[in-house]
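Quick note: the sequence shown uses the numbering used here, first residue 4, plus one each step.
Ideal Cβ positions, reconstructed from N, Cα and C, are used throughout, including at glycine.
What follows is one structure encoded as structure tokens, with my remarks underneath.
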Amino acid sequence: MHSTTLEVYAEIDGIGSASGLFLSEDLLYIIGDNSAYLNEYNIKTKQLRKIQILFEAELNQLENIPKSLKPDFEILCHNNNKLYILGSGSTPKRNLMIEFDLKTQKVIQKDLTDTYTKLKAIAKIDDQNFNLEGSIFTGNEWLLFNRGNGIDAKNGIFDIQEADLAKAKQVKFNPFKLPNIDHVESSFTDAVLVKNEIFFIATAEDTKSTYADGEILGSFIGSINLQTLKLTFSNKISDKHKFEGITLLSQNEHSTTFLLCEDRDSEELKTVIYKLAINF
């Protein structure tokens, strides 16, 4: 049996629509789905640094990019001193991946259109049901989490045996059933690997569209066995929040604690970071 506690950890001005985060010592990296910046927040000094990662001429604004143009960066994952920032793939303008080197600060862009096309074909997911919201990269394998908030409710995990995601060849799709609220199935919003266990967050949102938002019915935390990709446990953690990013804060033999970010689907440049403890 697991119990959870949720509390506010930090409030940060200057960041809107937070959708992914990664903690490295005192530095918390945060992305927004409608921004051309990667945000670096020092949790000790409370200083915020903005790192531009998009430079396209058509972007006449760098914050609150219009919905039809936004890159929809829903994924922020980490491996070997690099951050990987991925678009959701829910529209043709959302197929970009950014590699950011934490040491050199170098930014590399890659187009994932061919890879996303292959994923949709293998999983038999059409454009209206393809919406990636989480990723784990081990160095030679990618796990991509499709959010099943389209009409077909296609929650699932893509397993890609390839280091270069832009050249994906061996792909498997594992459909996944998540808990529901009032007959609305929750759907993946992010995931993180802790040792050999995948911890995920999921939200039940009353919508049949990967594009349009709906009423938030509640959110869950859960875990999946890395080897079997089977559900280990799930707990409801909120009735109203739509959490979209998760990163590990600390772990001991009695508890695992994460930081979560929330997309409030507004244009306000302010984000709240939450601390979630799971007690075993």
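For Pro-95, which three-state DSSP category applies? helix
Taking the CB atoms as reference points, tell me whether Gly-313 and Phe-76 lie closer together than 8 Å. Outside the modelled stretch of the chain, which goes from 4 to 283, sits residue 313, for which no answer is possible.
Let me know the secondary structure DSSP gives Gln-108 once reduced to three states. coil
Please classify Ile-125: does DSSP put it in a helix, a strand, or coil? helix
Among Phe-58, Ser-38, Asp-29, which one has its Cα closest to the Cα of Lys-49? Asp-29
If Leu-146 and Phe-161 are in contact, beta carbons under 8 Å, what's the gap, nearest whole angstrom? 7 Å
Determine the contact status of Asn-152 and Tyr-119, defining contact as a CB-CB distance below 8 Å. no
Identified DSSP bridge partners for Thr-7: Ile-281
Between Leu-262 and Leu-26, which are expected to be in contact by the criterion C-beta below 8 Å, what is the C-beta distance as a whole number of angstroms? 6 Å
For Val-11, count neighbouring C-beta atoms within 10 Å of its own C-beta (all shown protein chains included) and say buried if the count is 16 or more, exposed if not. exposed
From what residue to what residue does the beta strand (DSSP E) around Lys-243 run? From DSSP, Lys-243 is part of no beta strand (DSSP E); its letter is neither H nor E.
Limits of the unbroken beta strand (DSSP E) element including Ser-190: 190-197
Check whether Ile-249 and Leu-220 have beta carbons under 8 Å apart: no
Thr-192 to Asn-149 span [Cα, whole Å]: 8 Å
Flag this pair as touching only if the region 229-246 and the region 254-261 have three or more C-beta atom pairs under 8 Å; answer yes or no. no
Where the beta strand (DSSP E) through Phe-76 begins and ends: 76-82
By the DSSP assignment, the beta strand (DSSP E) with Ala-207 in it spans what residues? 200-209
So, is the C-beta of Glu-165 closer than 8 Å to a C-beta in chain C? Absent here is chain C; the protein component of the structure consists of one chain.
Anticipated Cβ contact below 8 Å, Ile-240 with Leu-234, distance rounded: Between Leu-234 and Ile-240 the Cβ distance is about 16 Å, and since that is not below 8 Å, they are no contact.
From Gly-225 to Asp-216, what distance separates their C-alpha atoms? 23 Å
Count the other CB atoms, across all protein chains shown, that sit within 10 Å of the CB of Lys-273; report buried if there are 16 or more and exposed otherwise. exposed
Buried or exposed by the 16-neighbour rule on C-beta atoms within 10 Å, applied to Phe-283: exposed
Pairwise C-alpha distance: Leu-24 and Ile-88: 10 Å
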